[in-house]
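Colleague: Numbering (my numbering), first residue to last: 40 to 380.
(1) According to DSSP, simplified to helix, strand and coil, what is residue 174?
(2) How is the beta strand (DSSP E) around residue 147 delimited, first residue to last?
(3) Check whether the region 93-100 touches the region 273-287, counting contact only when three or more Cβ pairs, one atom from each stretch, lie closer than 8 Å.
(4) Can you list, in chain order, the residues of its chain whose CB lies under 8 Å from that of residue 293, leaving out five sequence neighbours each side?
(5) Counting C-beta neighbours from all protein chains within 10 Å, is the total for residue 94 16 or more, i.e. buried, or is it exposed?
(6) For residue 197, report the span of its beta strand (DSSP E) as first-last.
(7) Assuming residue 140 and residue 210 form a contact by the criterion Cβ under 8 Å, report the distance between their Cβ atoms to the nearest whole angstrom.
(8) Measure the C-alpha to C-alpha separation of residue 78 and residue 251 and round it to an integer number of angstroms.
(9) Below 8 Å on the Cβ atoms is my contact criterion, and I expect residue 105 with residue 127 to pass it. Report the Cβ-Cβ distance as a whole number of Å.
(10) Specify the secondary structure class of residue 360 as computed by DSSP and reduced to three states.
(11) For my contact list, residue 196 and residue 58 are in at a C-beta cut-off of 8 Å; report their separation, rounded to the angstrom.
(12) Quick one: give me the first and last residue of the beta strand (DSSP E) that residue 105 is part of.
(13) Helix, strand or coil: which one does DSSP assign to residue 71?
(14) Quick one: any contact between the region 105-122 and the region 43-63, if contact means 3 or more CB pairs under 8 Å?
(15) Name the one or two DSSP bridge partners that residue 100 has.
(16) Only counting the same chain, and skipping five residues up and downstream in sequence, which positions put a Cβ closer than 6 Å to that of residue 350?
(17) Give the DSSP-derived three-state secondary structure of residue 385 in the structure shown.
(18) Cutting at 8 Å between CB atoms, please list the residues of its own chain near residue 312, excluding the five before and the five after it.
(19) CB-CB under 6 Å to residue 185, same chain, minus the five flanking residues each way: which ones, in chain order?
(20) Keeping to the same chain, check which residues put their C-beta closer than 6 Å to that of residue 358; ignore five residues upstream and five downstream.
(21) Report the rounded CA-to-CA distance for residue 247 versus residue 262, giving the unit in angstroms.
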């Protein structure tokens, strides 16, 4: 079942008014409408910009009892990566994350970091300066995102606990211009080959959960933009899944998708080839890892095991009208994340 969201407020008496998906921001989120503990509220904006050879990822998150601000640089040709983060406790909404993905700026400044996501009607500007980012050198980046797609992935999902929910928007394949400076070297991102994606999440989460998420943003050989958003584990998706293909900004809805992560000695073998498939015969992908951007924290009550794996996708996808597209050596990522938060 794939239920389309109607327009209106996201919450009624602190619970989801409707579960489902849409291709625009159909429901209105407001932190003031939440009737759960402030310790459980999670709000974040995550951007990734890539040209297939390198990538920059920026995160600003207010997760209730703690905030997280991070920057990542990934070089797929070398390969190498670096992530640096700043965590502060007891933020409880003080960052002031915007209530819509289309409006409201994100601004954060500390002694070490100056980061901003500024939105205009036809563009977004991402800026970050991060001191002592890598081997005592500073990081800097600035990107202009334009060419917003016609469709996006929006999903409102309940958890199996009263008043717990996840409201998520993914905007794939925005045109990206800019640069980053890492270890004193400047890397340019040109608008012909570079694309940006936003992951905008707001919700009240259960204490323990495991999610799977995969994203691609690329250009096909004929110049068209192509991307996808695949995932599950973000709650009860019986009303709708978040699986979508995007061709030149138009969404093509999929039903259920499975991530097949290989095992080695009974454990996930993240750096061996994965496979992806759906329940309707419209998606068959092979994923060849290059970098496992892992981050593991475990202090008992709070734990996070994150494996965001970047690599090359190969295979086929089928659009709504039956057209088959071949995907050949396109760089994206797939992740498995376990949180106890």
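Cβ atoms here follow ideal geometry from the backbone N, Cα and C, with glycine treated the same way.
Fair warning: this is a prediction, and the values are worked out from it, not measured in the lab.
Modeller: From the atom records:
(1) Taking the first residue of the chain shown as position 1, residue 174 is located at position 135. DSSP places residue 174 in coil when its eight states are reduced to three.
(2) Position 108 of the chain shown holds residue 147. Per DSSP, residue 147 belongs to the beta strand (DSSP E) from 145-148.
(3) As far as the Cβ criterion goes, the region 93-100 does not touch the region 273-287, which means the pair count is below three.
(4) Here residue 293 is taken as the residue at index 254 of the chain shown, counted from 1. Taking residue 293 as the centre and dropping the five residues before and after it, the same chain places the C-beta of 269, 280, 282, 283, 284, 317, 319, 321, 322 closer than 8 Å to its C-beta, in chain order.
(5) Within the chain shown, residue 94 is the residue found at index 55, counting from 1. It counts as buried.
(6) Start at 1 with the first residue of the chain shown, and residue 197 comes out as number 158. Note, residue 197: beta strand (DSSP E), 192-197.
(7) In the chain shown, residue 140 corresponds to position 101, counting from 1. In the chain shown, residue 210 corresponds to position 171, counting from 1. Right, their Cβ atoms sit about 7 Å apart.
(8) On the chain shown, residue 78 is found 39 positions in, with the first residue counted as 1. On the chain shown, residue 251 is found 212 positions in, with the first residue counted as 1. Spanning the alpha carbons of residue 78 and residue 251 requires a straight line of approximately 23 Å.
(9) Translated into positions along the chain shown, residue 105 becomes position 66. Translated into positions along the chain shown, residue 127 becomes position 88. Going by Cβ atoms, the distance from residue 105 to residue 127 rounds to 7 Å, so yes, they are a contact pair.
(10) Locating residue 360 in the chain shown gives position 321, where the first residue counts as 1. Residue 360: coil per DSSP, three-state reduction.
(11) For the purposes of this step, residue 196 is taken as the residue at position 157 of the chain shown. For the purposes of this step, residue 58 is taken as the residue at position 19 of the chain shown. Taking C-beta atoms under 8 Å as the contact rule, residue 196 and residue 58 qualify, at a distance of about 6 Å.
(12) Here residue 105 is taken as the residue at index 66 of the chain shown, counted from 1. Taken as a continuous stretch (DSSP letters only), the beta strand (DSSP E) holding residue 105 covers 105-114.
(13) Taking the first residue of the chain shown as position 1, residue 71 is located at position 32. Judged by DSSP in its simplified three-state form, residue 71 adopts helix.
(14) Because the criterion of three Cβ pairs below 8 Å is not met, the region 105-122 and the region 43-63 do not touch.
(15) On the chain shown, position 61 is the one that residue 100 refers to. According to DSSP, which records beta bridges pairwise, residue 100 is partnered with 83, 107.
(16) Taking the first residue of the chain shown as position 1, residue 350 is located at position 311. Here residue 350 has 326, 327, 328, 329 as same chain residues with Cβ atoms under 6 Å from its own Cβ, once five neighbours each way along the sequence are excluded.
(17) Coverage of the chain is limited to positions 40 through 380, which leaves residue 385 absent and any answer about it impossible.
(18) Here residue 312 refers to the residue found at position 273 of the chain shown. Only 301, 325, 326, 327, 328 meet the Cβ criterion.
(19) Along the chain shown, read from residue 1 onward, the residue named residue 185 stands at position 146. Here the set comprises 162, 214.
(20) Translated into positions along the chain shown, residue 358 becomes position 319. Taken in chain order, the residues that qualify are 291.
(21) For the purposes of this step, residue 247 is taken as residue 208 along the chain shown, with counting starting at 1. For the purposes of this step, residue 262 is taken as residue 223 along the chain shown, with counting starting at 1. Each residue's alpha carbon lies about 42 Å from the other.
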